[in-house]
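Notes for the one structure printed next.
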Amino acid sequence: MKFINKSLLAAALALVGFTFNSCDDGDAVIDEVFANTTSGIVLRTVNVESDELPIGQSDSYFAVELEMQDEEDGALVESLDVYVSFKDNTIEEGGTDFSAAEVQVGTVSSSEFTIGEYGFPRYSYSITLPEMLSTLSVSESNLDGGDVFSIRFAANLVDGRTFSNGQNTDTSTGSFFASPFQYNATVVCPPSTPTAGTWEVYTADSYGDGWNGGVLTVVLDGTDTLEFVNTDGGLPDPGLVEQSFSFEVPEGTETISIVYTGGAYDSEVTFTVTSANGNVVIDAGPEPITDFELLNYCLNNL
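Here is the structure:
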């Protein structure tokens, strides 16, 4: 897949200060550039399947699908080494730091790779929270929401070289060719049981024309869905429009999820959600976080 036009490269080299006395001189310089260029490996992120680790759930896991790209269509990769480490981000004043240094957790042979849609080798890697805890000798009782596990890959090439995040360049860390080699999996608290009773939702639009497509969605027990939208109050624009709603959480409800889906002018959007126990559990906006769980289950205040 590597096709480089020598004429184009010659022009580029001329722009950065190379002077050619003849075409032969130019070709000689270009040949020298090619001869002294070391090719590496792009370990492209195809999909991050899971990077959240709920505490107390034995099936919590990290998973990512990777694609190997090199000058031999991925054939240069002999194996992948996998390392894990842990960062304790919730150390109490005077408390113990339970962070754990990086440990190798395994090696994946190229024989386990499959060929993806673009003709390059791919591998889907996953590791459970219990496996990471065991490898690092960290107790689950020492975890809290906001702590982070790091999973790092190192690609071993058939010629003995190894590439990882230390050899990254800016061009291989973003967009389609995102190749960070290292990923973070955040510890999160599992959903809390909500207080049964009447919950209050206060919404506002600072301009007065409603949320322009923005929607606040409440889901009870993963199935019952409620939607709340601030609409145009019929007032001359601009003008603050405030609207209040309420909904019932039945006795026996086990989980609640609240997510905001953005509209056209989220800078005008604010809202609060108050639990049946009187706690303000969400105070969001302007520019509320979109498409992300807004409830902080770690506070256990629902």
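Here this note's numbering is used: the first residue of the sequence shown is -7, the next is one more, and so on. Think of the CB as a built atom: it goes at the ideal place given N, C-alpha and C, for glycine as much as any other residue.
Does DSSP put Gly98 in a helix, a strand or coil? Residue 98 sits at position 106 when you count from the first residue of the sequence shown. Gly98 falls in the strand class under three-state DSSP.
Quick check on the burial criterion: 16 or more other C-beta atoms within 10 angstroms. Buried or exposed for Gly244? Counted from its first residue, the sequence shown places residue 244 at position 252. Exposed, by the Cβ-count rule.
Within the chosen definition, does the region 56 to 66 reach the region 105 to 121 through at least 3 CB pairs nearer than 8 Å? yes
Of the residues Val251, Asp62, Phe78, which one's Cα is nearest the Cα of Val193? Numbered from its first residue, the sequence shown carries residue 193 at position 201. Looking at the Cα atoms, Val251 is the closest of the given residues.
Leaving out five residues before and five after Ser50 in sequence, what residues of the same chain have Cβ atoms less than 7 Å from its Cβ? Taking the sequence shown and counting its residues from 1, the one referred to as residue 50 is at position 58. Within the same chain, Ser50 has close Cβ partners Pro122.
Can you tell which of Leu72, Cys181, Gly86 has its C-alpha closest to the C-alpha of Asn288? Counted from its first residue, the sequence shown places residue 288 at position 296. Nearest option by C-alpha distance: Cys181.
Under the three-state reduction of DSSP, which class applies to Gly108: helix, strand or coil? Residue mapping note: residue 108 aligns to position 116 of the sequence shown, counting from 1. DSSP places Gly108 in coil when its eight states are reduced to three.
Determine contact between the region 139 to 154 and the region 69 to 84, defined as no fewer than three beta-carbon pairs at a distance below 8 Å. yes
With Thr187 and Asn134 assumed to form a contact (beta carbons below 8 Å), what rounded beta-carbon distance in angstroms separates them? Position 195 of the sequence shown, counted from the start, is the residue given in the question as residue 187. Position 142 of the sequence shown, counted from the start, is the residue given in the question as residue 134. Contact doesn't hold; Cβ gap of about 29 Å is too wide.
From Gly32, Glu132, Ala55, Leu286, residue whose alpha carbon lies closest to that of Asn157: For the purposes of this step, residue 157 is taken as residue 165 along the sequence shown, with counting starting at 1. Closest by alpha carbon: Gly32.
In terms of DSSP beta bridges, what is Asp275 paired with? As a working note, residue 275 is residue 283 in the sequence shown. Answer by DSSP bridge pairing, in chain order: Thr264.
Whole angstroms are fine: how far does the CA of Asn222 sit from the CA of Ser101? Sequence index remark: in the sequence shown, residue 101 carries index 109 (1-based). Sequence index remark: in the sequence shown, residue 222 carries index 230 (1-based). Whole-angstrom Cα-Cα distance: 55 Å.
At which residue ranges does the region 56 to 98 contain complete alpha helix (DSSP H) runs of 4 or more residues, listed in the order of the chain? none
With a CB to CB cut of under 7 Å and the five nearest residues on each side skipped, what residues in its chain are close to Ala93? As a position in the sequence shown, residue 93 is number 101, starting the count at 1. Contacts found: Ser77.
Leu149 bridges to which residues according to DSSP? Within the sequence shown, residue 149 is the residue found at index 157, counting from 1. Looking at the DSSP assignment, Leu149 forms a beta bridge with Val69.
Between which two residues does the beta strand (DSSP E) holding Glu234 run? For this step, residue 234 is matched to residue 242 along the sequence shown. Segment 233 to 241, the beta strand (DSSP E) holding Glu234.
Compare the beta carbon distance of Phe263 and Leu212 with 8 Å and say whether it is the shorter of the two. Residue numbering aside, residue 263 sits at position 271 when the sequence shown is read from its first letter. Residue numbering aside, residue 212 sits at position 220 when the sequence shown is read from its first letter. Not closer than 8 Å, so no.
Considering only C-alpha positions, which residue in the set Gly98, Phe90, Asn293, Thr154 is nearest to Val140? Position 148 of the sequence shown, counted from the start, is the residue given in the question as residue 140. Cα-wise, what sits closest to Val140 is Phe90.
Close Cβ partners of Gly202 (< 6 Å) along its chain, the five nearest in sequence each way excluded: Residue mapping note: residue 202 aligns to position 210 of the sequence shown, counting from 1. Cβ within range, chain order: Asn222, Thr223, Asp224.
May I ask you to report which of helix, strand or coil DSSP gives Asp136? Residue mapping note: residue 136 aligns to position 144 of the sequence shown, counting from 1. Correct three-state label for Asp136: coil.
In the structure shown, what three-state DSSP assignment does Thr282 receive? As a position in the sequence shown, residue 282 is number 290, starting the count at 1. The answer is coil: DSSP assigns Thr282 none of H, G, I, E or B.
Where does the unbroken alpha helix (DSSP H) through Glu192 begin, and where does it stop? Within the sequence shown, the letter at position 200 stands for residue 192. Unbroken run through Glu192 is the beta strand (DSSP E), 189 to 197; no alpha helix (DSSP H).
With DSSP run on the structure shown, which of helix, strand or coil describes Asn157? What you label residue 157 is simply residue 165 of the sequence shown in a count that begins at 1. Three-state result, Asn157: helix.
Of the listed residues Thr266, Asp43, Asp62, Ser52, nearest to Arg153 (C-alpha basis): In the sequence shown, counting from the first residue as 1, residue 153 sits at position 161. Ranking Thr266, Asp43, Asp62, Ser52 by Cα distance to Arg153 puts Asp62 first.
Helix or strand or just coil, what does DSSP make of Glu219? Mapped onto the sequence shown, residue 219 falls at position 227. Glu219: strand per DSSP, three-state reduction.
Neighbourhood of Thr163 by C-beta, 7 Å cutoff - its chain only, sequence neighbours within 5 removed: Here residue 163 refers to the residue found at position 171 of the sequence shown. In this predicted model, Thr163 has a pLDDT of only 40, less than 50, meaning its place in the structure is not dependable enough to derive any value.
Please report how far the alpha carbon of Glu295 lies from the alpha carbon of Ser116, in whole angstroms. Outside the modelled stretch of the chain, which goes from -7 to 294, sits residue 295, for which no answer is possible.
Of the choices Ile119, Thr99, Ser171, Ile248, whose alpha-carbon is the least far from that of Pro183? Residue numbering aside, residue 183 sits at position 191 when the sequence shown is read from its first letter. It is Ile248 whose Cα lies nearest to the Cα of Pro183.
When DSSP labels each residue in this structure, what does Thr11 get in the three-state scheme? Here the question's residue 11 lines up with position 19 in the sequence shown. Below a pLDDT of 50, predicted positions are generally treated as unreliable, and Thr11, at 43, falls in that range; the measurement from the model is reported next regardless. Coil.
Quick one: using the 10 Å Cβ neighbour count with 16 as the cut-off for buried, is Thr195 buried or exposed? Counting from 1 along the sequence shown, the entry for residue 195 is found at position 203. Buried, by the Cβ-count rule.
Whole-angstrom C-beta distance between Asn204 and Gly138, which should lie under 8 Å: Here residue 138 refers to the residue found at position 146 of the sequence shown. Here residue 204 refers to the residue found at position 212 of the sequence shown. Contact flag wrong, Cβ pair sits at about 33 Å.
Assuming contact is defined by CB atoms lying nearer than 8 Å, are Tyr325 and Tyr175 in contact in what I supplied? Residue 325 is absent from the structure shown; the chain starts at -7 and stops at 294.
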